[in-house]
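According to my numbering, the stretch in the sequence shown is residues 13 to 800, in order.
Each residue gets a CB set at the ideal place from its N, CA and C atoms; glycine is no exception.
Quick notes on the structure that follows.
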Amino acid sequence: MLRPDLRILARPETGGCVLIDEKNHEEYEFGEVEYWLIEGVRAGKTAEALCPECNARFSLRYRVEDIDEFLGLLSEWGLMSEACGSDSRPPLLPAEKEEVLAQPSSVAPEGEAPPPSTVRVGHARPLEEGETKGRPVEPPLVAESAAKAASRPPGHWHLFDPRAVFDGLGDAFHPLRFLVWLTPLAFAVGAACVAARPDAFIADLARAYARFGVFGRVLFAALSVNLASQLVRGVVARRFGIDTPSFGLTLAFGLIPRFNVPLLLDSLPDRYTRLWVNVTSTLVRLWLFAVGSVSWAMFRQSGSNLAVAGVELALIAVIGLFFVANPLWNGDGSRFLSAVLDFPDLHRRSRSALRAFFVDTPATVARHRRYSTVLGLFGLASVAVVCAFAAFIAHRLFTYLELNHRGAGVALFVLLGSYVSLKLWRVGAPGARTAPPGGPGAIRRRPDRRRRHGVRLVVLLALAVCALLPYRYETGGDAEVLPLARATISPEMDGVIEEVFVSSGQSVKAGEVLARMADYQYLNEIWIIEADIAAKQNEILRFQTTPSRAEMDLAEERVNTARIQVSHTEGRLQRQKALMERGFISQQGYDDIRRDLDRDRQLLVEASSSLEALRAQINPYQIALLRDELQKLMRRADHYREQVRRTRLIAPFDGRIVTSDVQYQRNSYREAGQVFTEMEDTGTVFVRVAVPEFDLVDVAPGAAVRVRFWAFPQREFAGVVEEIEPAAIDESYGRIVYVKSRFSNEHALLKSGLTGFAKIEGQETVLALAFTRALVRFVVIEMWSWLP
């Protein structure tokens, strides 16, 4: 309805009128068609009722949107009463009303509730350049009754009434409201963290995508950025007295679940309120980007999941900024810009201006329009951004589905495209939603200020006392169980495994035979060589026993007898010679004795020759040669015996078989070096902990170690640090040093390769220093490195 205090003076000569606003001391001149429309509005007719009557009366082709846009001009100039939204046209839809504040965009990936593209009352500036513009009057928000389900926006699934929660959060975090002025600094620090290591950031993004996947990323976005923005938005709205009767879920694109908090009022919020409510989502995402980037920079070298969550949070926050803070997107960014410029309904008016380039605009509206060229260019840029985003998403989705699912992927793409298009068309169709019954929004009561300040002081004192409490700092890292000893059992030659004497998981003793390979070839060689050895030994014995000892003794005796005989004959010859010289015997007797001496000497020579001939039959070199050959045969026999021994696969220590299905390897062929089985000694195990290099100062031999494994989340294993490896190792997330601790494993609970997380006891400090070490290290080292 028009304001009742306005005066309308008809001008019969032109068929128009002059509208006088005595309150604001302004005058407006209208033509015949405008005058007729103003009178129709005064009569309580809606734009839908006025449109056909106007076309019939003046032979025009106006649309309902054109009539509605003219009514929007009247509303902007402050000529309409606050009830105009309900008296002069159909009630405004909930999403239309929330658009004035911070109702999330229908296509924002962060999941805010999509407002429909319905016809609403527009706004324009006064006609004359010199006229003073009054405060723009926007359509009031129709309040929602939380007690009635029908009063909630369509597509909104109510979960609970969040008013008490938002009020409590507002009271608890009200002292932190001044942090909003640190937003540029926080964002700059986060951006500097990313700019300092862009390659590492991109690599960790790939790790985060592999960790989360598509559905995990959607869920993480809903539980982090979307939930935080809706909570802060609700808290801010309650601080400004805006009613938030419901906290629930909605579906973006009809597919993606997102949290949503509708904001409802019984009167128009001022410009200051609209600025803060519209900028809340942008501020939240800026802070989340800073928190995610700094968390990634602080915890990246620790290898913890906090670094992965931080990089994912930063990415989702940046993507959300593109939609929420982008004025070309129909969301909080455009509404904030509209509030800053005091230019209401910027997006709808820009689309109308763009449409006016291609469609004739009624003179009733065109003569009152301003900035049509700028608005048209803005609308063109907005449409280009939406089309580019839709084309990008469609291209990526089609490529993925076609590459991975072929024809079925193409069919699925067509089905999804049709579904999303249908949902968007239904959302944007005029009259697609009906307005819920209205009611005044509940404005909360604020508690007594003294009591609130007293509670805050007590909380701050309690926090200060807790910060100074002693605390035993513990470093830690990923833990992995290692056996005390590990061995790979492999055959040393090619062959077939004929027998297997163990099974998987069986405990064995050192020296126990695990399996036997085929050895008949080696045994055959051993039999042949042993026969050759025996023959060689007999040959040596034959050489050693020819001639016999009796024959040698007889020959030696004959030599001795012949030698004695020669000596006796020589003595007789000397005596006979003396007797012959004296003449006692004849020459003939002397000659006979000399012939006997010659004969005895000949016999001695023959006996000696016979002895030498017997001795010549024993050749020491031949025996030595035979003995060498015998030694070679014995060495070959030993070699084949060792080969036979090596066909037995033997356990090197006490332990347990860890290879699966080892008992089924019987009659299988194995090449030399091919693994037959693995065994480990797990009676006592090592737990290797990957400690980040910056926490190594708190680790010392003998320090207590506590470990929790993923396989036993309810049980804690205790040990002590036994060894710190001498060198650091590069990992994808930074440099680490392995620390080993020994654990008893009597009940064989700890299996080799189990993983978990270990904490190593460090030095005692105060609670505040223990929990801010990462931040202090970030400031002292990371930010220090940025200084020129």
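Exercise. CB residue 324 to CB residue 220, shorter than 7 angstroms?
Worked result: yes
Problem set entry | Pick from 580, 578, 601 that is closest to residue 588, judged by C-alpha positions | The candidate whose alpha carbon is nearest that of residue 588 is 601.
For this session: For residue 88, count neighbouring C-beta atoms within 10 Å of its own C-beta (all shown protein chains included) and say buried if the count is 16 or more, exposed if not.
Result: buried
For this session: Using 10 angstroms around the beta-carbon of residue 63, count the other beta-carbons present and answer buried if the total reaches 16, otherwise exposed.
Result: buried
Exercise. In chain order, which beta strand (DSSP E) runs of at least 3 residues are fully inside the region 498 to 583?
Worked result: 507 to 512, 525 to 529
Problem set entry | Cα-Cα separation between residue 777 and residue 754, rounded to whole angstroms | Their backbone Cα atoms lie some 27 angstroms apart in a straight line.
For this session: Please name the residue in 307, 331, 330 whose C-alpha comes closest to that of residue 321.
Result: 307
For this session: Using 10 angstroms around the beta-carbon of residue 305, count the other beta-carbons present and answer buried if the total reaches 16, otherwise exposed.
Result: It is buried - the Cβ of residue 305 has at least 16 other Cβ atoms within 10 Å.
For this session: Could you tell me if the beta carbon of residue 714 falls within a distance shorter than 6 angstroms of some heavy atom in the ligand SAM?
Result: Looking for the ligand SAM in the displayed structure turns up nothing, as the structure carries no ligands at all.
For this session: Drop a sphere of 10 angstroms on the beta-carbon of residue 359, count the other beta-carbons inside from all chains shown, and report buried for 16 or more, exposed for fewer.
Result: buried
Exercise. Looking at the structure shown, is residue 673 part of a helix, part of a strand, or coil, going by DSSP?
Worked result: It is coil, neither helix nor strand.
For this session: Going by CA-CA distance only, name the one from 799, 705, 48 that's closest to residue 750.
Result: 705
Problem set entry | residue 59 versus residue 91: straight-line alpha-carbon distance, rounded | 16 angstroms
For this session: Count the other CB atoms, across all protein chains shown, that sit within 10 Å of the CB of residue 784; report buried if there are 16 or more and exposed otherwise.
Result: Exposed, since its Cβ has fewer than 16 Cβ neighbours within 10 Å.
Exercise. For residue 701, which residues of its own chain have a beta-carbon under 6 angstroms away from its beta-carbon, when the five flanking residues on both sides are left out?
Worked result: Cβ within range, chain order: 489, 491, 751, 770.
Problem set entry | Straight-line gap, residue 337 to residue 345 (C-alpha atoms, nearest Å) | 4 angstroms
For this session: Using a threshold of 7 angstroms, state whether the C-beta atoms of residue 353 and residue 397 are closer than that.
Result: No, they are not a contact pair.
For this session: Evaluate contact between the region 281 to 300 and the region 236 to 247, counting only Cβ atoms and requiring at least three cross-stretch pairs below 8 angstroms.
Result: In short, these stretches touch, since the Cβ pair count reaches three.
For this session: Have a look at 284, 664, 74, 405 and flag the residue whose alpha-carbon is nearest the alpha-carbon of residue 502.
Result: 664
Exercise. What's the C-alpha gap between residue 666 and residue 730?
Worked result: 25 angstroms
Problem set entry | Three-state secondary structure assigned by DSSP to residue 722 | coil
For this session: On a CA-only basis, which of 692, 56, 81, 52 is nearest residue 69? Give me that one, please.
Result: 52
Exercise. Which same chain residues, not among the five before or five after residue 756, have their C-beta less than 7 angstroms away from its C-beta?
Worked result: 696
For this session: Measure the Cβ-Cβ separation of residue 178 and residue 246 and say whether it is below 7 angstroms.
Result: yes
For this session: Indicate whether residue 525 and residue 660 have their beta-carbon atoms separated by less than 7 angstroms.
Result: yes
For this session: Determine the contact status of residue 676 and residue 538, defining contact as a CB-CB distance below 7 angstroms.
Result: no
Exercise. Which value, in whole angstroms, describes the spacing of the CA atoms of residue 269 and residue 758?
Worked result: The straight-line gap separating the alpha-carbon atoms of residue 269 and residue 758 is approximately 50 angstroms.
Exercise. Roughly how many angstroms lie between the CA atoms of residue 779 and residue 790, to the nearest whole one?
Worked result: 18 angstroms
Exercise. What do you get for residue 294, buried or exposed, if any count of 16 or more other CB atoms within 10 angstroms of its CB means buried?
Worked result: buried
Problem set entry | Exposure label - residue 505; buried when at least 16 CB within 10 Å | exposed
Problem set entry | Cβ shell of residue 551 (< 8 angstroms), same chain only, five flanking positions each side left out | 638
For this session: Can you say whether residue 193 is buried or exposed, counting buried as having 16 or more other CB atoms within 10 angstroms of its CB?
Result: exposed
For this session: May I have the straight-line CA-CA distance separating residue 317 from residue 794, to the nearest angstrom?
Result: Going by the C-alpha atoms only, they are around 20 angstroms apart.
For this session: Identify whether residue 616 lies in helix, strand or coil by the three-state DSSP scheme.
Result: helix
Exercise. Just reading off the alpha helix (DSSP H) that residue 82 is part of, what are its end residues?
Worked result: 76 to 88
Exercise. Counting along the chain, where does the beta strand (DSSP E) carrying residue 170 start and finish?
Worked result: 169 to 172
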